[in-house]
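There are 2 protein chains.
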Amino acid sequence: MAYAFVCFPAFAQVTISCSSPSWGVAARPRRLLPAVRCASSAPEAVAHETDLFDLKRYMAEKARRVDDSLDRALPLRHPERLLASMRYSLLAPGKRVRPVLTLAACELVGGEESTAMPFACAVEMLHVMSLVHDDLPCIDNDELRRGRPSNHVVFGEGVAVMAGDALHCFAFAHAAEATAGVPPMRVLRAVAELGKATGAEGLLAGQVVDIECEGKEVGLEVLEYIHLHKTARLLEAAVACGGIIGGAEEEEVERLRRYGRTVGLLFQVVDDVLDVTRTSEELGKTAGKDLAKGKTTYPKLMGLEKARLLAEELAAKAEEELQGFDRNRARPLRHLARFIAHRHN
Amino acid sequence: MAYAFVCFPAFAQVTISCSSPSWGVAARPRRLLPAVRCASSAPEAVAHETDLFDLKRYMAEKARRVDDSLDRALPLRHPERLLASMRYSLLAPGKRVRPVLTLAACELVGGEESTAMPFACAVEMLHVMSLVHDDLPCIDNDELRRGRPSNHVVFGEGVAVMAGDALHCFAFAHAAEATAGVPPMRVLRAVAELGKATGAEGLLAGQVVDIECEGKEVGLEVLEYIHLHKTARLLEAAVACGGIIGGAEEEEVERLRRYGRTVGLLFQVVDDVLDVTRTSEELGKTAGKDLAKGKTTYPKLMGLEKARLLAEELAAKAEEELQGFDRNRARPLRHLARFIAHRHN
């Protein structure tokens, strides 16, 4: 399938090499960066018995500050219906994985949390707006999101379209305006990063190809194109923006980028696994949706156990990208990769 | 109606004072900047017989370069359906009034056209994305735009939503990344300007209030709130961004802002007039739409002749804001105001 060679530039940068026979990267060795050892040959990256870290508490504290910042950034004001719709989705309880990644990456390279907070908020706004639009009847037609009725169910389709658009605008305005104490060049670079990650060469490319492939049999290469764009690209940008704002060196930004991309793919593999193993109540969204729609998923292509193994391998690969950073400062991102690999909803 | 006092901050900055008895600003003198003379008492701003300028040629040349830049910035690539949808609307023949305003404002304050081109393109992308989403069945349900079938009629609703979103992302990424030779602080300020102009405190606020008021009787204050947000705010930002990128002084940016806002209101008053006086063929979009929908318009509220007079007064007011700038360099913006006042479609 020549498609992958021409159209999958992001995919070609994935550096994972592992033993799964259906892993589609091996056919394109020249486009790959040097292969790294997979989980099975790198046991030191799998378990660190002494690496104690209360990730749950870390995540909860960061998420609380993100929630506070989002709430303060977007108070209810006129026109109330629009603002209420924006706030309904933006402030819905969530794990805030993406903004926490931004904050953690900024701190990893020596930056302060507060300087990265506007970008962390912007990343979440862009994520949430993509969910609001995805759920629309003319796209995924999903009536349940984060355990509550979707935005358009509550506010109507027209307002949901506009609330998504308004979150979009606000994300960029907020990132550009509220980021303080950072050289403007860095802020600009991070703004461009967010724009590219969410647009026609990022998230939306994945979304469109995903819809085009609905009901069709696709192979691992196309499945990975979809996930690397639809899910991983924004996670990559979330981490990269944190690094850029925190003043990371070029090579550090690239390592953070690869970490984010790998974690993004991991996120989706786990999502696919959860879709077949969990109930709607546990997930807070419609379960078994992919299967019902005849969508290709990792468990469908490689079986449930191999998909779980792939998740382990990706988690190990993500951890490897963090080597070279200060080990102590890297703990949150290291444990976040493990958390994403082992989450239950 | 207390609504206007609380919710219409942009409205309160309009500095027009004129003799129309139904002009609703006079009731809030403390929130107004010093009143300026209206057209009838400032004949020198109405007609300049010796001020010859080939606006048609100027506009055509600028629009051609904007078209070229848009075409180059967004080539057709994978995923083709998404890009084709974006290009279908973005490259549809249009007058490019907003980007021309950006370029003209930049040159007015001594900047070079090329430095403002990425922002000119971004302004057009944001304008076009708002049209694509406005036309959706769940919002304005309009099947004709710029003389051609609307985006969702050709590409389907889902793709139209995503193409609009992708234009949105690209606008910000392009403005942030492609602007060269300008201090990053200026670029950042202009990015924030665009985000605010198109979001919940700008264009979308006007859009939502417009929809909420459909089928209701509204007064001039609400009508002006709608137009100052839905139409004028982006025109204001187009001009302000040109000034900011060109290195305008603070006070110059404010004057440009007022010029843009006045021209924006003018644009809408003329639009309302054209809606009742022109055919769909002449307009390139559905004519008589406002009337059919029972929408409040300027002609409906004040009669056709008074609406025409208001347009003249706004054109004169816009020209007055240009006094103090180099008279020669201000010619394009001066004539643009007249052109908008006297356009036929």
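Top to bottom, those sequences are chains D and X.
Numbered as in our numbering, the first sequence ends at 345 without a single skipped number.
Numbered as in our numbering, the second sequence ends at 1345 without a single skipped number.
Virtual Cβ for every residue (Gly too), placed ideally from N, Cα, C.
Pull the bridge partners of residue i from the DSSP assignment, please.
i               : result
F339 (chain D)  : Looking at the DSSP assignment, F339 (chain D) forms no beta bridge with any residue, so it has no partner.
P149 (chain D)  : D:L144
Q1323 (chain X) : X:F1325
For a contact defined as C-beta to C-beta under 8 Å, what are the partners of residue i on chain D?
i               : result
G1243 (chain X) : Per Cβ cutoff of 8 Å: no residues; G1243 (chain X) is ~17 Å from chain D at best.
L1204 (chain X) : L82, M162, D165, A166 and C169
G1260 (chain X) : Correct list: empty, because the minimum Cβ distance to chain D is about 18 Å.
From residue i to residue j, what distance separates their C-alpha atoms?
i               : j               : result
G94 (chain D)   : G1181 (chain X) : 41 Å
E321 (chain D)  : R258 (chain D)  : 7 Å
L32 (chain D)   : E201 (chain D)  : Confidence at L32 (chain D) is low in this model, with a pLDDT of 27, below 50, so its placement is unreliable and no value can be given for it.
L1304 (chain X) : A1237 (chain X) : 29 Å
A1122 (chain X) : L223 (chain D)  : 32 Å
H1342 (chain X) : V1270 (chain X) : 8 Å
G156 (chain D)  : M162 (chain D)  : 10 Å
D1135 (chain X) : R1145 (chain X) : 8 Å
D275 (chain D)  : S85 (chain D)   : 27 Å
V1253 (chain X) : L235 (chain D)  : 37 Å
D1326 (chain X) : Q1207 (chain X) : 36 Å
S1130 (chain X) : E1313 (chain X) : 28 Å
T1262 (chain X) : Q1268 (chain X) : 10 Å
A35 (chain D)   : R1189 (chain X) : The pLDDT assigned to A35 (chain D) is 33, lower than 50, so where the model puts this residue is not dependable; a value taken from the coordinates is nonetheless given after this. The straight-line gap from Cα to Cα measures roughly 43 Å.
A318 (chain D)  : G1147 (chain X) : 52 Å
D1064 (chain X) : A192 (chain D)  : Reading off the sequence, residue 1064 (chain X) comes out as Arg, not Asp. Near 26 Å, if we compare the C-alpha coordinates of A192 (chain D) and R1064 (chain X).
G1264 (chain X) : I245 (chain D)  : 37 Å
A1203 (chain X) : L309 (chain D)  : A small fix is needed here, since residue 1203 (chain X) is Leu in this sequence, not Ala. Whole-angstrom Cα-Cα distance: 49 Å.
L1220 (chain X) : D1142 (chain X) : 25 Å
A42 (chain D)   : E251 (chain D)  : The pLDDT assigned to A42 (chain D) is 37, lower than 50, so where the model puts this residue is not dependable, and the model offers no usable value.
Counting only Cβ pairs nearer than 7 Å, list the residues of chain D close to residue i.
i               : result
I1139 (chain X) : G158 and V161
A1192 (chain X) : A173, A176 and E177
I1211 (chain X) : G158
For residue i, count the other beta carbons within 10 Å of its own beta carbon; 16 or more makes it buried, fewer makes it exposed. Which is it?
i               : result
D1140 (chain X) : buried
P1328 (chain X) : In the sequence under discussion, the amino acid at residue 1328 (chain X) is Asn, which differs from the Pro named in the question. That one is exposed.
G260 (chain D)  : buried
R331 (chain D)  : buried
H344 (chain D)  : exposed
R30 (chain D)   : Summary for R30 (chain D): the model assigns pLDDT 30, below 50, so the residue's position carries little reliability; its value from the coordinates is reported in the next sentence. Exposed, by the Cβ-count rule.
G1158 (chain X) : buried
G1164 (chain X) : buried
L108 (chain D)  : buried
C1169 (chain X) : buried
K62 (chain D)   : buried
P1075 (chain X) : exposed
G243 (chain D)  : buried
P299 (chain D)  : buried
E1124 (chain X) : buried
V1187 (chain X) : buried
L1336 (chain X) : buried
D1054 (chain X) : exposed
R1338 (chain X) : buried
P149 (chain D)  : exposed
Report yes if the C-beta of residue i is less than 6 Å from at least one heavy atom of the ligand COA; otherwise report no.
i               : result
L1052 (chain X) : What this structure holds is no ligand at all, so the ligand COA is not there to describe.
Using CA atoms only, rank isn't needed, just tell me which of the options is closest to residue i.
i               : options                               : result
L256 (chain D)  : D:F267, D:L265, D:C241 and D:A175     : D:C241
T1198 (chain X) : X:E1252, X:R1233, X:Q1323 and X:L1310 : X:R1233
R72 (chain D)   : D:H174, D:F325 and D:E249             : D:H174
K293 (chain D)  : D:E212, D:S150 and D:K62              : D:E212
V128 (chain D)  : D:A176, D:Y58, D:H78 and D:V97        : D:V97
V1100 (chain X) : X:F1119, X:Y1088, X:L1082 and X:L1083 : X:F1119
K216 (chain D)  : D:E143, D:L103, D:L301 and D:S130     : D:L301
K196 (chain D)  : D:E143, D:E177 and D:K230             : D:K230
A1316 (chain X) : X:L1266, X:H1152 and X:I1245          : X:L1266
D210 (chain D)  : X:E1107, X:L1082, X:S1069 and X:D1067 : X:L1082
E214 (chain D)  : D:M185, D:T297, D:L203 and D:F339     : D:T297
P183 (chain D)  : D:S150, D:H152 and D:T115             : D:T115
E1113 (chain X) : X:S1069, X:A1337, X:H1335 and X:R1308 : X:S1069
A60 (chain D)   : D:G247, D:E221, D:L103 and D:E249     : D:L103
D51 (chain D)   : D:R334, D:F339 and D:F172             : D:R334
L1126 (chain X) : D:C138, D:F172 and D:L90              : D:F172
V1132 (chain X) : X:G1111, X:G1110, X:M1117 and X:Y1088 : X:Y1088
Could you name the residues of chain X that residue i contacts, counting a contact when the two beta carbons are closer than 7 Å?
i              : result
G199 (chain D) : A1166, C1169, F1170 and A1173
Can you name the residues of chain X whose CB is closer than 9 Å to the CB of residue i?
i              : result
V253 (chain D) : The premise fails here: V253 (chain D) is roughly 15 Å from chain X at the closest Cβ pair, so nothing lies under 9 Å.
P75 (chain D)  : None at all; the shortest Cβ gap to chain X is about 11 Å.
P118 (chain D) : None at all; the shortest Cβ gap to chain X is about 11 Å.
M125 (chain D) : Neighbours of M125 (chain D) on chain X: none; closest Cβ ~11 Å, over 9 Å.
M86 (chain D)  : A1200
Please list, in chain order, the chain D residues whose beta carbon lies closer than 9 Å to that of residue i.
i               : result
V1136 (chain X) : It is worth fixing the name first, because residue 1136 (chain X) is Leu in this sequence and not Val. Those are C138, E157, G158 and V161, listed as they occur along chain D.
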